[in-house]
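Structure first, then comments.
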Amino acid sequence: MAKILPEVFYNEMKKLEPRYPQRKALILPALHEAQKVYGWLPSDVMDEVAEFIGVHPAQIREVASFYTMYNLKPVGKVHLKICTNVACCLRGADELMDYAEKKLGIKKGETTPDGLFTLSEEECLGACTTAPAMMANDEYVENLDLQKFNDFLERAKK
Amino acid sequence: MRQTLFAQHFGKPSNASLAYYLTAMHGYASARKALSEMTPDQVIEEVKKSNLRGRGGAGFPTGMKWGFIPKQSEKQKYLVCNADESEPGTCKDRQILTYTPHLLIEGLLIGSYAIGCKHAYVYIRGEYTHEAKVFQKAVDEAYEKGFLGKNIFGSPYSLDITLHRGAGAYICGEETALLNSLEGKRGEPRVKPPFPAQSGAFGGPTAVNNVESIANVPFIISMGGEPFAKLGKLDKSGGTRLISLSGHVKKPGVYEIQAGELTLRQIIDDLGGGILNDRKLKAVIPGGSSAPVLTAEEVDVVYDIEPLMKIGTMMGSAAIMVVSEDADLVKLLLRITKFYAHESCGQCTPCREGCQWMESLLHKIVHGHGSTDDLNLLVDVAQNIGGKTLCALGDAAAGPVISFVKKFRPEFEEYIKGAKHHA
């Protein structure tokens, strides 16, 4: 099987290998690293991760499907994850989610047709004292209101 | 006057630097003292004297936990720091990781020395990408200066620290689920025994401690266990507590108080500035969303582990969510229950099925199709989850349901009578 994961993946793994007494412990870091490259985890990429670590491909899928941060299907360029858990909910997260759906013209779980935004509902992000909050890819956006959300969208479009 | 250990260092990103830690916080002096002047047993003894109790939620004495790690072991021993901070309402460890990462590293160094661990892992929740970068940078700085690595401070002791990122699963805050996740598995809690102290990470004796617990250890070594214990106002809990105060207060934030210093009402009024928009207080969730709810009449309780336990709730991770009269508690409980249904790992039937059933019953009630039988069934299901599962997630899901319905039953009945159909 021809390798598709880039060298940067293998270099990163080489650095991590000596840090764990068992090779299987590399599964989570490897999936993070692979997703960094593709934005999600295509099937052939998970197969290559399995081969690299030396486990059955099913073991990789069993792990990847357990954790919500691993995308098993493609996501938009900007993945918006709005927290709607208790603390955010008390500070208007539901209204924010409604607004986001209307503004983007999609329901949560969907991606805009231009592939720019994916909208997800997120569980507690640990930003409860700066609620409501969302993640946009890796970045936290906190103390949100409709205006701030709107401004963020405009910036992201550029 | 209130004595704080952490709060004065929070807020400025530049405080995360090693330079700040060395000059403003006597950085690494405690670790130097422990490694050069104290035996591992003396360190554990000092932590026992400090009355430091686990800050992750269970409140278990940290020194005792370390004492459970066997002195002699053929297998490698591990210290694993739980930085998964995922209990809804909690965001205090994030402050430590962001502003005082070296405090955590120094605590890990002292703790690892005490239990005889050569490689410590910090399991950080996947969403904390910024915090992970800040912490990794601090780890790199510590290696550069020789505070980590081989023969630290010229002693025979060596330690490595590795940061391991989670990937979005509440259950990984449970210590054995966390260990499975560290090992590259699904984050499913293990059957206990064996407890981690016998067989934890990679099969070796392991202590799992919360970020705040470990970050307190340098203070204990520098000031001594007894003075640290005396920071607490009640007998059993030493030191200070970082409180995540959120919801309907004017000034939400992470605050630090001496353990047992204030009542819940004082925290809401004096620290939080009172209720948002000057509304009336309706309810308080006092220890993360797993903690049974309190009514406005119950908030004169001293905010510490035992007083809260006495009134049937818990301090948990010290996350206080304040709810004003504007909130709809039935909908709020549905949201809480939906969370547990989503996060149940699915191993134990009572939790997997029970959480789904509680969510659908609440859904039915909120949408105006519920009956009194449904409400009774809801409580019955909740009562049949608690104590019947491998880990505490089941109890965590049941507690809110039982307490919300018990204390705010008229609000549920209003939905059932059809008075509220607007959902």
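Going down the list, the sequences are from chains A and B. Here the first sequence is numbered in this note's numbering, starting from 154 and rising by one per residue. Here the second sequence is numbered in this note's numbering, starting from 9 and rising by one per residue. For each residue, glycine too, the CB sits at the ideal point set by N, CA and C. Here the structure is a predicted model, which is why all the values come from computation and not from measurement.
Asked, Found
"Buried versus exposed call for residue 10 of chain B [16 or more other C-beta atoms within 10 Å across all chains shown]", "exposed"
"Stretch pair the region 47-66 of chain B + the region 221-240 of chain B: three plus CB contacts closer than 8 Å", "yes"
"Classification of residue 430 of chain B by the beta-carbon crowding that lies within 10 angstroms, buried from 16 upward", "Note on residue 430 of chain B: pLDDT 49, under 50, position unreliable in the model; the coordinate value appears next. Burial call: exposed."
"Under the three-state DSSP convention, the category residue 227 of chain A falls into", "coil"
"Presumed contact (8 Å Cβ cut-off) between residue 261 of chain B and residue 329 of chain B, rounded CB distance", "Wrong, their Cβ atoms sit about 13 Å apart, outside the cutoff."
"Interface partners of residue 84 of chain B on chain A, CB under 8 Å", "174"
"Alpha-carbon to alpha-carbon, residue 367 of chain B and residue 360 of chain B", "11 Å"
"Chain A within 8 Å of residue 430 of chain B, Cβ atoms only", "Its pLDDT being 49, under 50, residue 430 of chain B is placed unreliably in this model, and the value from its coordinates should be taken loosely. Output row for residue 430 of chain B: interface = no."
"Touching by the beta-carbon criterion (3+ pairs, under 8 Å), the region 299-311 of chain A and the region 118-127 of chain B", "no"
"Nearest to residue 418 of chain B (by Cα), restricted to the options B/337, B/393, B/365 and B/405", "B/337"
"Closest by C-alpha distance to residue 460 of chain B, when choosing among B/267, B/75 and B/164", "The structure shown does not extend to residue 460 of chain B, since chain B is modelled only from 9 to 431, so the question has no answer here."
"Residue nearest to residue 280 of chain A in terms of C-alpha spacing, selected from A/194, A/248, A/265 and A/234", "A/234"
"With 16 other Cβ atoms within 10 Å as the buried cut-off, status of residue 108 of chain B", "buried"
"Bridge partner(s) assigned by DSSP for residue 232 of chain A", "A/271"
"At least three beta-carbon pairs within less than 8 Å, the region 283-298 of chain A to the region 224-234 of chain A", "yes"
"Close beta carbons around residue 335 of chain B, own chain, < 8 Å, minus the five adjacent residues each side", "256, 290 and 291"
"Chain A contacts from the region 239-264 of chain B (Cβ-Cβ distance under 7 Å)", "252, 253, 254, 255, 256, 260, 261 and 262"
"Residues sharing a beta bridge with residue 206 of chain A, DSSP", "None; residue 206 of chain A has no bridge partner."
"Near-chain B residues of the region 290-302 of chain A (beta-carbon distance less than 8 Å), N- to C-terminal order", "291, 292 and 293"
"9 Å Cβ cut-off: residues of chain A touching residue 194 of chain B", "215, 216, 218, 219 and 220"
"The region 191-208 of chain B in contact with the region 148-155 of chain B per 3-pair CB rule at 8 Å", "no"
"Beta-bridge partners of residue 250 of chain A, as assigned by DSSP", "DSSP, once it has assigned bridges, lists no residue as partnering residue 250 of chain A."
"Cutoff 8 Å: residue 179 of chain A Cβ touching any chain B Cβ", "yes"
"The beta strand (DSSP E) enclosing residue 88 of chain B, as first and last residue numbers", "86-91"
"Near-chain A residues of the region 93-110 of chain B - C-beta to any C-beta below 7 Å", "93, 94, 96, 97, 98, 99 and 102"
"Contact with chain B by residue 185 of chain A, beta-carbon distance below 8 Å", "yes"
"Min CB distance residue 210 of chain A to chain B below 8 Å", "no"
"Any C-beta of chain A under 8 Å from that of residue 189 of chain B", "yes"
"Neighbour flag for residue 228 of chain A against chain B, beta carbons, 8 Å", "no"
"Residue 140 of chain B and residue 113 of chain B closer than 8 Å at C-beta", "no"
"Identified DSSP bridge partners for residue 355 of chain B", "Paired residues: none, contrary to the question."
"Cutoff 8 Å: residue 163 of chain A Cβ touching any chain B Cβ", "no"
"Interface residues of chain A facing residue 297 of chain B [CB-CB closer than 7 Å]", "239"
"CB contact check: residue 136 of chain B to chain A, cutoff 8 Å", "yes"
"Spatially closest choice to residue 268 of chain A from A/227, A/213 and A/207, by CA coordinates", "A/227"
"Residues that residue 329 of chain B contacts on chain A, provided the C-beta gap is smaller than 9 Å", "239, 240, 243 and 281"
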